[in-house]
Amino acid sequence: MGNYFKTKPKYKLDREMVEFLKSRKLQHINEAIEVVNTKFPNSKYLEYSDYCDVFNPILEIWTQPVFSLLSSKSTLEGANDIYESLAVLTIFSDEEQELKLQFIFQLFDTDKSGEIEKAELVVALETCIRGLCKLVHLPAPSIKDIDFYAERLFIELDRDYSYTISFNEFKLWIIGNFELQDFLLKYALIQTYENARRRYKEKRILYENFFINAVGNDKCEQCELESIKQIFLNEFNNQQLEILELLFKTLQDSSNAYQDQKNDGWICKQAYQDVMNAWAAFDASDINCDNEVSMSELKYLIYAYEGDKPNYYRLQTEMEILDMDQSGRITRDEWIKYLCVMEKGKYVFRGTLQHQFNEYDKDHNGMLSIQDIKDLLKNSMKDLRISFKKLKSEKNFEEMVDDLINEIVKSLQQGEKNYQSNQNQMLFLTWNEFKSFMEKATLKQDQLRQFLAKL
1 MGNYFKTKPK
11 YKLDREMVEF
21 LKSRKLQHIN
31 EAIEVVNTKF
41 PNSKYLEYSD
51 YCDVFNPILE
61 IWTQPVFSLL
71 SSKSTLEGAN
81 DIYESLAVLT
91 IFSDEEQELK
101 LQFIFQLFDT
111 DKSGEIEKAE
121 LVVALETCIR
131 GLCKLVHLPA
141 PSIKDIDFYA
151 ERLFIELDRD
161 YSYTISFNEF
171 KLWIIGNFEL
181 QDFLLKYALI
191 QTYENARRRY
201 KEKRILYENF
211 FINAVGNDKC
221 EQCELESIKQ
231 IFLNEFNNQQ
241 LEILELLFKT
251 LQDSSNAYQD
261 QKNDGWICKQ
271 AYQDVMNAWA
281 AFDASDINCD
291 NEVSMSELKY
301 LIYAYEGDKP
311 NYYRLQTEME
321 ILDMDQSGRI
331 TRDEWIKYLC
341 VMEKGKYVFR
351 GTLQHQFNEY
361 DKDHNGMLSI
371 QDIKDLLKNS
381 MKDLRISFKK
391 LKSEKNFEEM
401 VDDLINEIVK
411 SLQQGEKNYQ
421 SNQNQMLFLT
431 WNEFKSFMEK
441 ATLKQDQLRQ
451 FLAKL
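Residue numbers for the sequence shown follow full-length UniProt numbering, so the first one is 1 and each next one is one higher.
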């Protein structure tokens, strides 16, 4: 079905409906199945009144539009395949991909053997593909084409020649089929972790080639900003100009900071790579190409950039920090500014700082404990340990680091009513707090280095 994946939809996708469907959970679908088993145990199709009994608690105001799209007559007068509705709702649901795949696998494993036979695979593909096509206004492939595809697919997946397909075989095929994932992303706005990461890597390679093309080779560590500008303006002439201006300004300011000197008109390779890695992650996650990422897409943005799946608590925390204008969505400029450190009124990208934060955030909850901070500072100040002994201080090196941390944390928390002087109690820093902390810590470390150098 390779050529079919390039088919164009008849009508424009209803993004509002899709966003609603993507907010549904498997728990809701299980509740619908319970109603079906109780009220309609022998039914395969439902007319509109019965359909409302089953699916209205899930679909709410979208019950009628969804029924009409999936209906055999494309109106409220037709009847809907129960399994088609369940499968489509599962595909769109806001769940991890493996959970959705397990749910669909079990839905069509009608004999509950734990394996799918060829006839069950045919039904599964017919139901999922045709149902999805109806919702996104794509012309559905014929039953004959789907059956032919299923036949070939079954042979490909049944690697142990058991004449059945295990869930693991089914899952590995879906995860590794990026043509299918791109199809789902383009027409149904359905993203996966694996596809987000793949798209991120492709964008990184593209931007690395931009730098090489701008300088003419892969050896130079600096490039004229104007050369990069021309490439981006030519390649992305449909991109908002103010977004590109933000990129160019961040590249320039960050390059000056990385090189500890002002060199306007030139950007350094390290700053370029760090900034463009963050830019590529946003590209990979912005499935609408509208320079915005929704709450449901944020997890893919973080995963594309960091390579680790964020938990629910971190997503909530990051959304509150990132969504500066409280719009419920994250814009590209909010993302870039979030990763930057404010230095002398300029947004300077500090990729190494973000990497440090991620390295010591071992549970990936988007926060560092005081112990994490201590470990980080001790590691970054290893070169000062020997020089510190020359002071012949009553304190040891670890105590000095503790005092440094306590002093900075106290200055960060001044004015808070619930401040507790006992810094050994559990205390955590978010990314924004960590940036402020490290700005002060770096300043104090530099002062300490200068002092020790004079001894």
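Glycine is no exception: its CB is placed at the ideal position from the N, C-alpha and C atoms.
Q: Could you spell out the range, first to last residue, of the alpha helix (DSSP H) harbouring residue 279?
A: Residue 279 -> alpha helix (DSSP H) spans 269 to 285.
Q. Which word fits residue 179, buried or exposed, when buried means at least 16 other C-beta atoms lie within 10 angstroms of its C-beta?
A. exposed
Q.
Check whether the segment 44 to 58 and the segment 95 to 108 are in contact - that is, three or more C-beta pairs closer than 8 Å.
A. Counting Cβ pairs under 8 Å, fewer than three are found: no touch.
Q. With a Cβ-Cβ cutoff of 7 Å, do residue 305 and residue 193 count as a contact?
A. no
Q: Taking 8 Å as the threshold, find out whether the segment 371 to 378 comes into contact with the segment 311 to 324 through three or more Cβ pairs.
A: no
Q) Would you report the Cα separation of residue 84 and residue 254, rounded to the nearest angstrom? A) CA-to-CA, the gap between residue 84 and residue 254 works out to about 52 Å.
Q) Helix, strand or coil: how does DSSP classify residue 47 here? A) Residue 47: strand per DSSP, three-state reduction.
Q.
Give me, in chain order, the residues of the same chain whose beta-carbon lies closer than 7 Å to that of residue 415; leave out the 5 immediate sequence neighbours on both sides.
A. Low local confidence applies: a pLDDT of 46 at residue 415 is under 50, so the model's placement there is unreliable, and no value is given.
Q) Exposed or buried, what is residue 371 when buried is set at 16 or more other beta-carbons lying within 10 Å of its beta-carbon? A) Classification for residue 371: exposed.
Q) What are the residues that DSSP puts in a beta bridge with residue 222? A) Answer is 268, bridged to residue 222.
(Q) Going by DSSP, what residue range makes up the beta strand (DSSP E) through residue 189? (A) Looking at the DSSP string, residue 189 is not in any beta strand (DSSP E), and its letter there is neither H nor E.
Q: List the endpoints of the continuous beta strand (DSSP E) containing residue 430.
A: 428 to 430
Q) What do you get for residue 99, buried or exposed, if any count of 16 or more other CB atoms within 10 angstroms of its CB means buried? A) exposed
Q. Going by alpha carbons, who is nearest to residue 234 out of 249, 214, 221 and 220?
A. Among 249, 214, 221 and 220, the Cα nearest to that of residue 234 belongs to 214.
Q.
Is the beta carbon of residue 121 closer than 7 Å to that of residue 87?
A. Not in contact: residue 87 and residue 121 (Cβ atoms no closer than 7 Å).
Q | Residue burial classification, residue 133 (beta-carbon count within 10 angstroms, cutoff 16) | A | buried
Q) Going by the CB atoms, is the gap between residue 210 and residue 243 shorter than 7 Å? A) no
Q: For residue 332, name the three-state secondary structure that DSSP assigns.
A: helix
Q. With distances taken between CB atoms, is the gap from residue 116 to residue 129 smaller than 7 Å?
A. Not closer than 7 Å, so no.
Q) Considering only residues of the segment 144 to 207, which uninterrupted alpha helix (DSSP H) runs meet the minimum length of 4 residues and lie entirely inside it, listed in chain order? A) 167 to 176 and 178 to 188
Q.
If I measure Cβ to Cβ from residue 43 and keep anything under 8 Å in the same chain, skipping five residues before and after, which residues do I get?
A. Contacts found: 36, 50 and 82.
Q: Take every Cβ of the segment 220 to 227, pair it with every Cβ of the segment 260 to 271, and state whether three or more of those distances are shorter than 8 Å.
A: yes
Q. Since residue 367 sits in a beta bridge, which residues does DSSP pair it with?
A. 430
Q) Can at least three beta-carbon pairs, one atom from the segment 58 to 72 and one from the segment 150 to 162, be found at a separation below 8 Å? A) Below 8 Å, too few C-beta pairs join the segment 58 to 72 and the segment 150 to 162 to call them touching: fewer than three.
Q. To which residues of the same chain is residue 118 closer than 6 Å at the C-beta, ignoring the five residues directly before and after it?
A. 154
Q. Does the separation of the CB atoms of residue 339 and residue 278 fall below 7 Å?
A. yes
(Q) If you measure between the beta carbons of residue 332 and residue 291, is that distance less than 7 Å? (A) yes
Q: Might you give, ordered along the chain, the residues of its own chain that have their beta carbon closer than 8 Å to the beta carbon of residue 296, omitting 5 neighbours on each side?
A: 19, 22, 23 and 94
Q: Compare the C-alpha of residue 48 against each of 33, 285 and 65 and name the closest.
A: 65
Q) For residue 123, which residues from the same chain have a beta carbon less than 7 Å from its beta carbon, with the 5 sequence-adjacent residues on both sides left out? A) The answer, listed in chain order, is 108.
Q.
With the cut-off set at 7 Å, would you say residue 300 and residue 181 are in Cβ contact?
A. Not in contact: residue 300 and residue 181 (Cβ atoms no closer than 7 Å).
Q. With C-beta atoms as the reference, is residue 69 less than 7 Å away from residue 135?
A. yes
Q | Contacts around residue 435, its chain only, beta-carbon distance under 6 Å, and the 5 residues preceding and following it disregarded | A | 341
**Q.** When 276, 274, 273 and 249 are compared against residue 264, the one with the closest alpha-carbon
**A.** 249
Q | Close Cβ partners of residue 28 (< 6 Å) along its chain, the five nearest in sequence each way excluded | A | 58
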